Each structure stands twice: as C-alpha cells, then as structure tokens.
C-alpha cells in the first residue's frame with residue numbers, strides 16, 4: 001500500500017470503530033424498537049413469535065385518552081422547567097459576570113445539585129413536601145399559614161420546582177461560559193457609543209450568546225422529556241395521571257401492562273416529537289448564528305468609523 005493511499009485511508013480507520021459502535025449501540029436497538037412497534041408483543045414472547053398488527057398500536061395510542069393526558073403533562077412539565085431554568089440561569093450568569101471574590105467557590109456550590117443522584121433528589125424533595133413533618137409545611141405552620149398539599153393538589157408544580165432546583169445550575173454554568181467568551185471588542189464598542197448596561201444585554205450580549213443558549217435549551221428540553229426517577233420517587237405519576245409523563249407511562253406499559261409493542265410505539269411517538277423539536281431549534285440556531293456574525297462584524301468596524 002502506497003503512502004498516499006495510506007494517508008487517504010487513515011481517517012476511515014479511525015472512524016471505523018466509532019461507526020461500528022454507533023450501529024451496534026444505537027441503530028440496532030432503534031431498528032428493533034421500530035420493528036417491535038408493529039407487533040402484538042408481550043415479555044413472554046420472542047419477537048419472532050409475535051403477530052404483525054401493522055399500525056394498530058399507533059392508532060390505539062392516538063385515541064387513548066390516558067396517553068394524550070401523559071403527553072399533555074410532559075409538554076407542560078418540559079416547557080415550564082426549560083423556560084424557568086433558562087430565565088433564572090441566564091439571569092444569574094448576567095448578574096455574576098464580574099470579578100467577585102470567591103467566585104470559584106460560588107460556582108462549586110451552584111453545581112452541587114447537579115451532582116446528586118436523581119433518586120436522592122426525589123427522596124429529598126418528597127420528605128420536604130411531607131404534609132406534616134416536611135420543611136415547607138412546618139415553615140408555613142410556624143408562620144401561621146395554612147398547610148399546602150404539595151404532592152396532591154399541587155403535585156405537578158412540586159415536581160417542576162424540584163427539577164428547576166436541580167438543573168438551573170447547568171444553565172448558569174453554560175451561560176456564564178458563553179458570556180465570558182464574548183468578543184470584548186463588541187462590548188467596548190457599545191460602551192463607547194454610550195449604550196447602557198441594559199442595552200448591552202439586550203442588543204449585544206444576548207444576541208451573541210443565543211447560539212449557545214439555544215443548544216443549552218435543546219439539551220435541557222430533551223432531558224426533560226426523559227425525566228423518570230425523580231417523578232417516580234416523588235409521586236409515582238400521581239395523583240391520578242397528574243404527573244405521569246410519557247417516559248413513566250412507557251415504563252409502566254412495558255413492565256406493568258406487559259405490552260411491549262404498545263410501549264415501543266409510544267417511544268417512537270416521543271422520538272418523532274423530539275426529532276421535530278431538534279430540527280426546529282437547529283434551524284433557529286443557524287439563523288441566530290448568522291445574526292450574531294453580523295453583529296460582531298458591525299461591532300468590529302465601529303471603532304474605525
């Protein structure tokens with residue numbers, strides 16, 4: 001083999017093992033799930049022994065009020081936590097983007113909630129929400145206020161609060177990193193032109209940060225659709241279906257109801273939804289990147305005027 005040909009083959013030699021792992025670990029299970037979604041399949045059967053039912057599982061789910069309720073809960077939960085976490089996380093990053101003594105210690109404290117296992121987070125918040133001995137109701141009682149049924153009437157709100165507490169630091173850390181990587185020339189040009197701090201945030205910092213913020217929001221949105229352990233420990237999807245997101249319903253359909261074909265179809269519905277959201281956010285990201293490039297180019301020319 002000649003050196004020139006070896007040089008051409010080298011990238012493929014490095015890429016080959018990764019491609020094989022990708023096929024085995026991702027594409028094969030995905031294809032298996034899609035195939036199983038067209039079968040009447042339960043755990044006692046080998047998939048080759050199951051009956052082909054076509055789109056029956058998908059049609060059943062489409063008209064299933066319980067599935068539609070779980071999907072609605074998922075959209076409300078995911079949308080709420082992502083919006084709140086983005087607002088609070090980016091706001092904290094803008095507030096703390098300055099030289100402050102002990103900032104490294106502060107950052108460490110901020111990321112501690114992310115390091116706690118989801119099961120532990122669920123148990124911790126479940127105890128704090130306890131109707132009689134929980135921290136919140138004891139505080140309300142001490143203040144002379146009426147106790148709240150956190151995991152009953154306000155179960156979904158309680159789960160949202162727990163998720164916001166755990167994952168807002170993720171937004172904060174990435175937003176702060178994006179802030180500190182902004183071109184200083186753009187900010188200096190804005191100051192020279194007399195822009196206020198608020199105008200710098202709205203017209204310079206946020207537009208330039210937007211590509212990073214969109215990817216960050218996308219990562220949190222995908223993760224929010226897959227939350228399972230925290231909700232399972234805190235409420236087990238109840239009361240009723242008030243906190244049963246799609247991921248929890250998929251788990252129950254496969255393990256409790258023993259309907260693997262229906263669970264596979266449910267997973268594909270969730271996958272399609274996430275795929276559309278991802279493609280939409282990537283398209284928006286490209287538009288924002290083009291806008292950020294125009295802002296940076298204009299700012300770079302400003303001192304020369």
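Numbering (my numbering), first residue to last: 1 to 305. Ideal Cβ positions, reconstructed from N, Cα and C, are used throughout, including at glycine. Note that the coordinates shown come from a computational prediction; the quantities given were computed from them, not determined experimentally.
Asked	Found
Which of the three DSSP states is assigned to residue 4 in this structure?	helix
Is residue 261 near residue 40, with beta carbons less than 7 angstroms apart?	yes
The alpha helix (DSSP H) that contains residue 161, what's its start and end?	155-180
With DSSP as the reference, identify every bridge partner of residue 40, one or two as the case may be.	51
Where does residue 121 fall in DSSP's three states?	helix
Check each candidate in 59, 176, 247 and name the one with the smallest Cα separation from residue 99.	176
Around the C-beta of residue 83, are 16 or more other C-beta atoms found within 10 angstroms, so that it is buried, or is it exposed?	exposed
What's the C-alpha gap between residue 181 and residue 89?	17 angstroms
Relative to the C-alpha of residue 57, which candidate in 187, 35, 130 has its C-alpha closest?	35
If you check the beta carbons only, do residue 233 and residue 119 fall under 7 angstroms apart?	yes
For the alpha helix (DSSP H) that contains residue 184, what are its first and last residues?	184-192
Restricting to runs no shorter than 4 residues, where is the alpha helix (DSSP H) found entirely within the stretch 74-134?	103-115, 118-128
According to DSSP, is residue 148 helix, strand or coil?	coil
Could you have a look at residue 293 and say whether DSSP puts it in helix, strand or coil?	helix
Enumerate in chain order the residues of its own chain whose CB-to-CB distance from residue 242 is below 6 angstroms, with the five nearest sequence positions on each side excluded.	155, 156
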